[in-house]
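Residue numbering for the sequence shown follows numbering that gives the first Met the number 0, starting at 0 and increasing by one per position. Even glycine gets a Cβ: it sits at the ideal position worked out from N, Cα and C. If you're wondering where the values come from, they're calculated on a predicted model, not measured in any experiment.
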Amino acid sequence: MLPRLDFHSSLRDAVLDGSKTATTRLVGELDSNTDVDGLRPGMRAAATCQGETFAELTILSIEPVSYDAIDDKLARAEDCADAAELKSLLKSFYPRAKPTTAFLAIRFRCAANANTITFVDAAAASLKVLGLVGDFCSPLLAREYPLAALSLNANDAHCLLTHQFPLLPWLLVVVLRRTAEDSACFALGRLRGQRYVDEWLPSAPMSKAAALAAVVAAPGVSTCALAGAAGVSWSMFGGVTLVGALLRALAIRAVAEQIPVGLLDDWAVRFLIAGAAAALPLIIASLRVDRAQRGHVLGHFPWPWTRARWLLHRLSHHTKED
Numbered sequence: 000m001l002p003r004l005d006f007h008s009s010l011r012d013a014v015l016d017g018s019k020t021a022t023t024r025l026v027g028e029l030d031s032n033t034d035v036d037g038l039r040p041g042m043r044a045a046a047t048c049q050g051e052t053f054a055e056l057t058i059l060s061i062e063p064v065s066y067d068a069i070d071d072k073l074a075r076a077e078d079c080a081d082a083a084e085l086k087s088l089l090k091s092f093y094p095r096a097k098p099t100t101a102f103l104a105i106r107f108r109c110a111a112n113a114n115t116i117t118f119v120d121a122a123a124a125s126l127k128v129l130g131l132v133g134d135f136c137s138p139l140l141a142r143e144y145p146l147a148a149l150s151l152n153a154n155d156a157h158c159l160l161t162h163q164f165p166l167l168p169w170l171l172v173v174v175l176r177r178t179a180e181d182s183a184c185f186a187l188g189r190l191r192g193q194r195y196v197d198e199w200l201p202s203a204p205m206s207k208a209a210a211l212a213a214v215v216a217a218p219g220v221s222t223c224a225l226a227g228a229a230g231v232s233w234s235m236f237g238g239v240t241l242v243g244a245l246l247r248a249l250a251i252r253a254v255a256e257q258i259p260v261g262l263l264d265d266w267a268v269r270f271l272i273a274g275a276a277a278a279l280p281l282i283i284a285s286l287r288v289d290r291a292q293r294g295h296v297l298g299h300f301p302w303p304w305t306r307a308r309w310l311l312h313r314l315s316h317h318t319k320e321d
């Protein structure tokens with residue numbers, strides 16, 4: 000369960016307005032049931048108001064500040080014109096505040112609203128659509144245009160079918176394509192936060208270490224989005240993703256070199272490998288849509304059309320309300 004930052008109702012809109020920028024709030028402006036003691040930079044927290052969770056926050060920094068040390072920079076972060084206005088605001092909340100009264104400046108980033116579609120959503124969806132196109136076109140592209148096939152989708156099957164291409168350009172395209180898709184899914188998890196990721200990807204909360212281990216073992220939409228929601232840093236994720244993609248590509252290349260010469264040039268084998276790569280996600284997604292519920296043995300398999308179904312459901316829900 001996420002720690003809570005309980006805001007006064009007058010500050011709810013201000014918190015939501017800061018969804019794209021870092022905002023600072025003083026602990027003095029929070030209600031007494033806020034879980035301030037356990038907060039640390041990098042942690043996720045639930046923004047609540049009158050018992051209702053209305054947003055998810057990522058804590059960026061926590062710094063103590065005394066009443067008389069409040070300056071114009073902090074005041075502007077609080078949407079106040081100057082330090083005098085912020086001090087007056089705090090006095091209205093805490094009439095007994097003295098020059099030495101200690102507050103706590105909590106700087107955070109608010110997760111994007113679930114009803115908005117951002118550049119990150121569009122990038123992640125576009126890369127997944129390109130991947131689906133690549134799945135069905137790979138038998139035609141892999142022989143004559145291997146780099147085009149890998150640019151559309153650099154999955155294990157396509158890497159296997161294109162192993163005859165020179166190593167360096169092949170490796171560069173594979174690593175860049177995989178890193179781009181994984182980074183988009185990671186950014187989606189960071190942008191949306193655990194609450195919204197759980198709506199289309201139900202899962203148990205993951206620690207940063209577990210999330211990174213999952214990214215190395217099975218990189219994909221699910222693990223990368225969960226790593227972003229778990230608060231893994233960009234530098235750590237980027238390093239793990241690059242090294243993991245490089246090692247995985249080299250391992251596939253080594254396996255392909257052991258396959259008898261000419262076997263992968265057979266069109267029947269190519270269609271079999273590409274067809275399996277294209278059909279497996281569709282089969283699993285069908286099982287997920289029709290049968291998988293929370294706690295089901297099949298678990299939850301996150302695919303791009305799952306996200307699309309969720310968005311359509313939200314849009315239709317709001318249309319009916321209007």
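Around L241, the same chain offers V174, T178 as residues with beta carbons nearer than 8 Å, after the five sequence neighbours per side are excluded. Here G130 has N152 as same chain residues with Cβ atoms under 6 Å from its own Cβ, once five neighbours each way along the sequence are excluded. Cβ-Cβ distances below 7 Å link Q49 to S8 in the same chain, with the five nearest sequence neighbours on each side left out; the list follows chain order. Cβ contact annotation for I105 (same chain, cutoff 6 Å, sequence separation greater than five): R24, I61, in chain order. Short of 7 Å from the beta carbon of D155, and not among the five residues preceding or following it, lie these beta carbons of its own chain, in chain order: I251.
CA-CA distance, K90 to C109, rounds to 26 Å. If you check the CB distance, A82 and I69 come in under 8 Å. Three or more Cβ pairs drawn from the region 180 to 190 and the region 216 to 232 lie within less than 8 Å of each other, which places the two stretches in contact. With respect to H162, E28 sits apart: the two C-beta atoms are not nearer than 8 Å.
In this model, A183 and P40 are separated by some 23 Å (Cα to Cα).
Counting C-beta atoms within 10 angstroms of its own C-beta, S137 has 16 or more neighbours from the protein chains shown and is therefore classed as buried. Remark: C-beta atoms of A44 and L38 approach each other more closely than 8 Å.
Burial of R176 is indicated by the presence of at least 16 other C-beta atoms within 10 angstroms of its C-beta. G238 is classed as exposed because its beta carbon has fewer than 16 other beta carbons within 10 Å across all chains shown. In this structure, L170 and A248 form a Cβ contact; the two beta carbons are roughly 6 Å apart against a cut-off of 8 Å. Partner residues in the beta bridge of C48, as assigned by DSSP, are E51. If you look at C158, you'll find it in the alpha helix (DSSP H) that goes 155 to 160.
With 16 or more other Cβ atoms from the protein chains shown falling within 10 Å of its own Cβ, V214 counts as buried. Residues Y66 of the same chain have their beta carbon placed closer than 6 Å to that of T100, with the five preceding and five following residues left out of the count. Going by DSSP, C223 is part of no beta strand (DSSP E) but of the alpha helix (DSSP H) stretching over 220 to 228. The continuous beta strand (DSSP E) containing A104 extends over residues 101 to 109.
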